[in-house]
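First the structure, in the form of structure tokens, and then the observations on it.
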Amino acid sequence: MSRALTRRRFLREGGTAALGLALAPAWRLEAAPAFDLVLKGGTLLDGTGAPAWQADIGLVGDTITALGSIAPEQGRRLLDIAGLHVAPGFIDIHSHSDFSLVAYPGAESRILQGITTEITGNCGSSSAPIAGLGAQASRRGFLNDTGVEADWSDVASYFGRLEKTGVSLNQALLLGQGTLRQNAIGLVDRPLSPDELKGVLRAVEEGLDQGAVGLSTGLEYTPGMYTPTEEIVAMARVVARRGGLYASHIRNEEAMLLEAVNEAINIGRQAGIRVEISHLKAAGEPNWSKQRGALDLIESARRDGVNVLADAYPYIAYSTGLSIFLRGWAREGGPPAYLPRLRDPDTRARIRREAVEYIRNEPGGYHLIQISSVQSQKNKVVVGKNMQEIAALWKMEPVDALLRLLEEEEGSVSYIGFGMSPENVELVLSHPLVMIGSDGYSIAPTGRAAETRPHPRSYGTYSRVLQHFVRERRLFDLPTAVKKMTSMPADQLGLRDRGRLARGQKADLVVFDAAGVVDRASFTDPHQYPVGIAHVLVNGALVVEQGRPTGARPGRALRNS
Ligand SMILES: [Zn+2]
Numbered sequence: 025m026s027r028a029l030t031r032r033r034f035l036r037e038g039g040t041a042a043l044g045l046a047l048a049p050a051w052r053l054e055a056a057p058a059f060d061l062v063l064k065g066g067t068l069l070d071g072t073g074a075p076a077w078q079a080d081i082g083l084v085g086d087t088i089t090a091l092g093s094i095a096p097e098q099g100r101r102l103l104d105i106a107g108l109h110v111a112p113g114f115i116d117i118h119s120h121s122d123f124s125l126v127a128y129p130g131a132e133s134r135i136l137q138g139i140t141t142e143i144t145g146n147c148g149s150s151s152a153p154i155a156g157l158g159a160q161a162s163r164r165g166f167l168n169d170t171g172v173e174a175d176w177s178d179v180a181s182y183f184g185r186l187e188k189t190g191v192s193l194n195q196a197l198l199l200g201q202g203t204l205r206q207n208a209i210g211l212v213d214r215p216l217s218p219d220e221l222k223g224v225l226r227a228v229e230e231g232l233d234q235g236a237v238g239l240s241t242g243l244e245y246t247p248g249m250y251t252p253t254e255e256i257v258a259m260a261r262v263v264a265r266r267g268g269l270y271a272s273h274i275r276n277e278e279a280m281l282l283e284a285v286n287e288a289i290n291i292g293r294q295a296g297i298r299v300e301i302s303h304l305k306a307a308g309e310p311n312w313s314k315q316r317g318a319l320d321l322i323e324s325a326r327r328d329g330v331n332v333l334a335d336a337y338p339y340i341a342y343s344t345g346l347s348i349f350l351r352g353w354a355r356e357g358g359p360p361a362y363l364p365r366l367r368d369p370d371t372r373a374r375i376r377r378e379a380v381e382y383i384r385n386e387p388g389g390y391h392l393i394q395i396s397s398v399q400s401q402k403n404k405v406v407v408g409k410n411m412q413e414i415a416a417l418w419k420m421e422p423v424d425a426l427l428r429l430l431e432e433e434e435g436s437v438s439y440i441g442f443g444m445s446p447e448n449v450e451l452v453l454s455h456p457l458v459m460i461g462s463d464g465y466s467i468a469p470t471g472r473a474a475e476t477r478p479h480p481r482s483y484g485t486y487s488r489v490l491q492h493f494v495r496e497r498r499l500f501d502l503p504t505a506v507k508k509m510t511s512m513p514a515d516q517l518g519l520r521d522r523g524r525l526a527r528g529q530k531a532d533l534v535v536f537d538a539a540g541v542v543d544r545a546s547f548t549d550p551h552q553y554p555v556g557i558a559h560v561l562v563n564g565a566l567v568v569e570q571g572r573p574t575g576a577r578p579g580r581a582l583r584n585s
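Here the sequence shown is numbered in this note's numbering, starting from 25 and rising by one per residue.
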């Protein structure tokens with residue numbers, strides 16, 4: 025790129041001050057360096073989708089204070105990034121690190137792919153607040169998964185716990201509608217009474233007071249599935265008044281996909297709130313033809329003035345709990361209530377019939393259901409196997425093997441479902457109203473996580489987009505990919521000081537080799553870090569240097585403001 029063009033871009037992108045600084049460098053007269061750190065010689069992708077341009081970046085503390093030509097001696101420290109790209113740190117709008125981050129505060133699965141901020145509390149389920157009827161269940165579930173005691177209750181004490189532990193990347197939290205409802209009345213299939221609703225709305229206010237950035241629903245899960253739309257609208261109105269976001273794992277991603285997208289849009293319209301449709305997909309081959317229609321609904325809602333966007337991860341498989349194959353009535357009350365139902369021959373027969381029916385539609389076969397984690401030692405052998413293989417091992421029908429696994433694991437089984445078509449994954453990812461979100465979480469290949477075979481998205485989402493969909497498939501260009509990972513989620517969340525390379529923005533940065541990024545996490549070997557991500561900075565501090573974690577913990581709880 026010519027120098028003239030570079031300068032023009034400075035002016036267009038609001039870099040006049042930076043250019044002025046370069047032309048009239050008053051600081052050159054000072055003895056002390058002007059910057060704590062200078063990133064020298066990089067090619068900038070500023071997060072807006074604009075073409076890349078050459079400039080140095082100067083940081084003071086946690087802030088970008090200059091973009092332009094900066095003399096090396098002006099930095100207390102210099103990072104030579106010639107030949108590499110530098111972008112705003114990736115903002116993962118759809119993370120489930122709520123609990124795992126406490127066990128894995130280094131968040132290696134995230135920072136090593138360039139993620140610098142995660143939004144947790146998605147799919148209706150948040151780490152906080154934990155109270156009332158929800159407290160016991162949440163704490164027990166947490167203990168099972170990670171072995172760390174949940175010693176917080178509300179949003180403030182959860183953030184306090186993260187700050188005390190020290191984490192490597194920033195965290196923002198959505199309030200889980202399911203969590204709030206479970207706290208209030210448990211996992212019961214009925215509407216809230218007016219008094220109960222008042223209590224839940226108060227809990228929403230409190231959560232927002234303590235810094236939550238919005239509300240999420242998980243309407244395919246308990247108790248989201250028992251929640252009438254009006255209840256969500258009432259909660260979303262409270263969030264809208266405070267400028268927050270409504271993120272929805274919608275009520276159905278299969279045969280009723282279009283109806284479910286419409287429900288989310290209607291909630292946005294009625295509550296006057298920004299809407300994020302989480303992990304947009306059409307799951308199950310019989311439903312693949314609905315994907316285009318779902319995008320059309322989002323487009324037309326925006327034309328009507330509803331501020332709705334979606335996120336997606338770059339894989340043909342999703343991952344969730346195996347209990348999703350039990351219908352709503354069978355899951356009421358959670359595992360303590362449904363395990364006896366599985367033991368009763370009559371109710372078991374009905375549960376079995378309905379599961380067979382469901383699996384025929386989605387994902388469309390038992391070979392497409394691959395177990396990713398179990399709790400018991402004796403069943404570790406089935407991790408990584410699909411339900412057809414497990415059925416053969418146990419010499420029974422696949423549906424019976426599935427129910428046996430749920431029973432033996434007391435409902436705590438995760439699986440990977442190969443439910444999406446490659447064409448739809450590309451259709452969704454390339455759509456201008458869709459950003460990247462991993463649906464993964466903070467882990468590392470150590471401790472309990474090493475005994476699981478999780479979906480590779482926790483380790484590979486962002487590098488897979490950069491390698492496979494940008495470089496190999498040419499689905500969109502690099503600036504567009506970075507925009508989908510930075511300014512788009514920042515704007516949708518209302519994070520005003522992150523997501524762009526500009527003066528005054530927080531210094532969350534990822535430096536990478538665009539031609540050399542390789543995603544190494546696969547469905548058979550997911551605990552693999554990508555290569556080609558050279559340096560990652562969070563709030564001005566290096567958390568990854570020369571491709572390795574530094575152990576620094578500069579991450580912050582990002583409270584709404
Ligand atoms: Zn979800």
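Every residue, glycine too, gets a C-beta built ideally from N, C-alpha and C.
Check: Cut-off 6 Å between Cβ atoms - residues of its own chain near residue 397, not counting five sequence neighbours on either side; Outcome: 438 and 476
Check: Start-to-end residues for the alpha helix (DSSP H) that takes in residue 504; Outcome: 502–509
Check: Bridge-paired residues (DSSP) for residue 440; Outcome: 343 and 394
Check: Distance cut-off 7 Å: residue 273 Cβ against heavy atoms of ligand 1; Outcome: yes
Check: DSSP three-state assignment for residue 122, whether helix, strand or coil; Outcome: coil
Check: Rounded separation between residue 218 and residue 359 - CA only; Outcome: 28 Å
Check: Buried versus exposed call for residue 142 [16 or more other C-beta atoms within 10 Å across all chains shown]; Outcome: buried
Check: Integer-rounded CB distance, given that residue 264 should sit under 8 Å from residue 289; Outcome: In fact, because the Cβ distance is near 14 Å, the residues do not count as touching under 8 Å.
Check: Secondary structure of residue 168, DSSP reduced to three states; Outcome: At residue 168, the pLDDT of 49 sits below 50, so the modelled position is not reliable and the matter cannot be decided from this model.
Check: Chain-order list of residues whose beta-carbon lies under 7 Å from that of residue 572 (same chain, five-residue window excluded); Outcome: none
Check: Whole-number beta carbon distance between residue 557 and residue 137, since they are thought to touch under 8 Å; Outcome: 6 Å
Check: Separation of residue 266 from residue 228, as counted between CA atoms; Outcome: 11 Å
Check: Contact test: residue 242 Cβ vs ligand 1 heavy atom, cutoff 7 Å; Outcome: yes
Check: Rounded C-alpha distance that separates residue 442 from residue 460; Outcome: 19 Å
Check: CA nearest to the CA of residue 530, picked from 538, 537, 536 and 520; Outcome: 520
Check: Alpha-carbon to alpha-carbon, residue 435 and residue 353; Outcome: 15 Å
Check: Near ligand 1: residue 479 beta-carbon under 7 Å from a heavy atom; Outcome: no
Check: Minimum C-alpha distance to residue 312 - residue among 368, 222, 199 and 447; Outcome: 447
Check: Reference residue 551, options 72, 478, 240 and 513, closest by Cα; Outcome: 478
Check: Outcome for residue 344 when other beta-carbon atoms lying within 10 angstroms are tallied against a minimum of 16; Outcome: buried
Check: Inside the stretch 458–517 only - beta strand (DSSP E) runs reaching at least 3 residues; Outcome: 458–460
Check: Assigned exposure category for residue 287 - 16 Cβ within 10 Å defines buried; Outcome: buried
Check: Cβ-based burial, residue 507 [other Cβ within 10 Å; buried from 16]; Outcome: buried
Check: Cut-off 8 Å between Cβ atoms - residues of its own chain near residue 451, not counting five sequence neighbours on either side; Outcome: 315, 316 and 319
Check: Euclidean distance between Cα positions of residue 85 and residue 65; Outcome: 20 Å
Check: Buried or exposed (CB count within 10 angstroms, at least 16 for buried), residue 417; Outcome: exposed
Check: Alpha-carbon to alpha-carbon, residue 342 and residue 425; Outcome: 21 Å
Check: Cβ contact (3+ pairs, closer than 8 Å) linking the stretch 105–123 and the stretch 558–567; Outcome: yes
Check: Identity of the residue in 241, 79, 87 and 110 nearest residue 96 by Cα; Outcome: 79
Check: Closest by C-alpha distance to residue 249, when choosing among 279, 284 and 334; Outcome: 284
Check: Alpha carbon of residue 351 to alpha carbon of residue 568, nearest angstrom; Outcome: 44 Å
Check: Proximity test, residue 595 beta-carbon vs ligand 1 heavy atom, cut-off 7 Å; Outcome: A query on residue 595 cannot be resolved here, the shown segment of the chain reaching from 25 to 585 and no further.
Check: Whole-angstrom distance between residue 132 and residue 574, CA atom to CA atom; Outcome: 10 Å
Check: Beta-ladder partner(s) of residue 109, from DSSP; Outcome: 67 and 536
Check: Other residues of its chain near residue 410: CB distance less than 8 Å, five sequence neighbours each side excluded; Outcome: 390, 391, 392, 393, 394 and 395
Check: Residue burial classification, residue 201 (beta-carbon count within 10 angstroms, cutoff 16); Outcome: buried
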